[in-house]
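Here is the structure we will look at, set down as structure tokens.
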Amino acid sequence: MEALTFTVPDGAELRADAFLTAALAGDYTRSAVQRLMEAGLVKRSGQPVKKNARLSPGDSLTVEIPDPEPIDAKPQNIPLDVVYEDEDVIVVNKPVGMVVHPAAGHPDGTLVNALLYHCGGSLSGVNGKLRPGIVHRIDRDTSGLIIAAKNDAAHLALAEQLQDHSLARTYETIVVGALREDSGTVDAPIARHPADRKRMAVVAGDKRAVTHWQVLARYPGYTRLECRLETGRTHQIRVHMAYIGHPVLGDTVYGSKKPYPGLAGQCLHAKKLAFRHPRTGEAVEVECPLPEYFVNVARKLEGSR
């Protein structure tokens, strides 16, 4: 169960249910918020709050968000672009728009549903029925390589490589603006945004996050980069690039709210994975080409010189 705290800003006096519905940014309807209150899951100064309670500036509400009901993922015959596969692991080139695992609002049509069909149920159970085989994730609107484990031993070995940073993940992206240097590192901790639970943010004193970047090409008003993750926080490249003033092109969460023509999401592609094979210990490196959307945007920017 997740606990969130929201503080009423200056100049606001609202009913508790109206304030919390707005604070949860569309995740819950007003009636759903009222049910949380009726269950005693919303408190002010440790005491349950009624839906019609009046709030004053400076008041803080703490809401306990119940864990979602488990979704039993089902196999679905969804085409996969398999880049590497053996008896222990499978690496897939995920397209833009595909969600990695079932969740609220996305009960099926996910990468997990496709993997269950493709692998015949032979996926690790470390993450339970909701995320079988999933070792790491990439965002719905990010394309590229993702690795899944076919058994628990492989999953645990790959998870250990994530922890010690030996599972190398390299991305290619186009960001807004011209970076002065040809390469650099962003070392800034990332955590859940204190005021918007849908976003991440650089938060002092929280989990360390490190992104290494190198310029691949320069266009008028934009820069093409290769980014290597040393750590793997949620939305890490997107948050770090926005933090240094160069948000990822097409990122409507951390950059411009206006979508970029020709992009369904952010211009960010996971192009390379390198890891030690969980059974043999041998080095494995896989790479996939840039998707059509990325190539088209790069050509357009190149032509604007």
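Read left to right, the sequence shown gives residues 3 to 307 (this note's numbering).
Note that beta-carbon positions come from the ideal geometry of N, C-alpha and C, so glycine has one too.
Boundaries of the alpha helix (DSSP H) in which Y224 is found, first to last residue: Segment 224-231 is the beta strand (DSSP E) holding Y224; no alpha helix (DSSP H) there.
I think E66 touches A5, with their Cβ atoms under 8 Å apart; what is that distance to the nearest whole Å? 5 Å
Would you kindly check if the distance between the Cβ of V177 and the Cβ of I192 is under 9 Å? No, the Cβ-Cβ distance between I192 and V177 is not below 9 Å.
Alpha helix (DSSP H) segment containing V241, residue limits: 238-245
For G179 and L292, what's the separation of their Cα atoms in angstroms? 21 Å
Spatially closest choice to T282 from Q238, V91, H120, by CA coordinates: V91
When we look at the beta-carbon of A285 and count the other beta-carbons within 10 Å, is it buried (16 or more) or exposed? exposed
Determine the extent of the beta strand (DSSP E) in which T9 is found, giving its start and end residues. 4-9
Where does T175 sit, in a helix, a strand or coil, going by DSSP? Residue state, collapsed to three classes: strand.
Compute the beta-carbon to beta-carbon distance between L270 and Y262, rounded to the nearest angstrom, for a pair I have assumed lies under 8 Å. With a Cβ gap of about 12 Å, L270 and Y262 do not count as contacting.
Are P280 and A156 close, meaning C-beta to C-beta below 9 Å? yes
Apart from the five residues just before and just after N79, which ones in its own chain have a Cβ nearer than 7 Å to its Cβ? Y119
Does at least one heavy atom of the ligand MN sit under 8 Å from the Cβ of C121? Looking for the ligand MN in the displayed structure turns up nothing, as the structure carries no ligands at all.
Same chain, Cβ closer than 6 Å to T144, neighbours up to 5 away in sequence not counted: L270
Residue range of the unbroken beta strand (DSSP E) whose run includes H214: 212-221
Please report the Cβ distance between L147 and V85, rounded to the nearest whole angstrom; I am assuming they are in contact, meaning their Cβ atoms lie under 8 Å. Right, their Cβ atoms sit about 6 Å apart.
I'd like to check one pair, A151 with V137: are the Cβ atoms closer than 9 Å? V137 is a Cβ neighbour of A151, given a cutoff of 9 Å.
Provide the residue span of the alpha helix (DSSP H) that contains N298, from first to last. 294-305
Q36 to A24, Cα distance in whole Å? Inter-residue distance for Q36 and A24 is about 13 Å (C-alpha atoms, whole angstroms).
Bridge partners - S145, DSSP secondary structure assignment: As computed with DSSP, S145 is found in a beta bridge with H271.
Need the endpoints of the beta strand (DSSP E) that M100 sits in, please. Careful: M100 lies outside any beta strand (DSSP E) and carries neither H nor E.
Which of the three DSSP states, helix, strand or coil, is assigned to L117? helix
Quick check on this structure: which residue in R220, L275, P50 has the alpha carbon closest to the alpha carbon of S306? Between S306 and the set R220, L275, P50, the nearest pair of CA atoms involves R220.
Consider the Cβ of H214: report whether some Cβ of chain B lies at a distance smaller than 9 Å. Of the protein chains in the structure, only one exists, and it is not chain B.
Just checking my contact of E232 with H214 at CB under 8 Å: how many whole Å lie between their CB atoms? Rounded, the Cβ-Cβ distance is 6 Å, consistent with contact.
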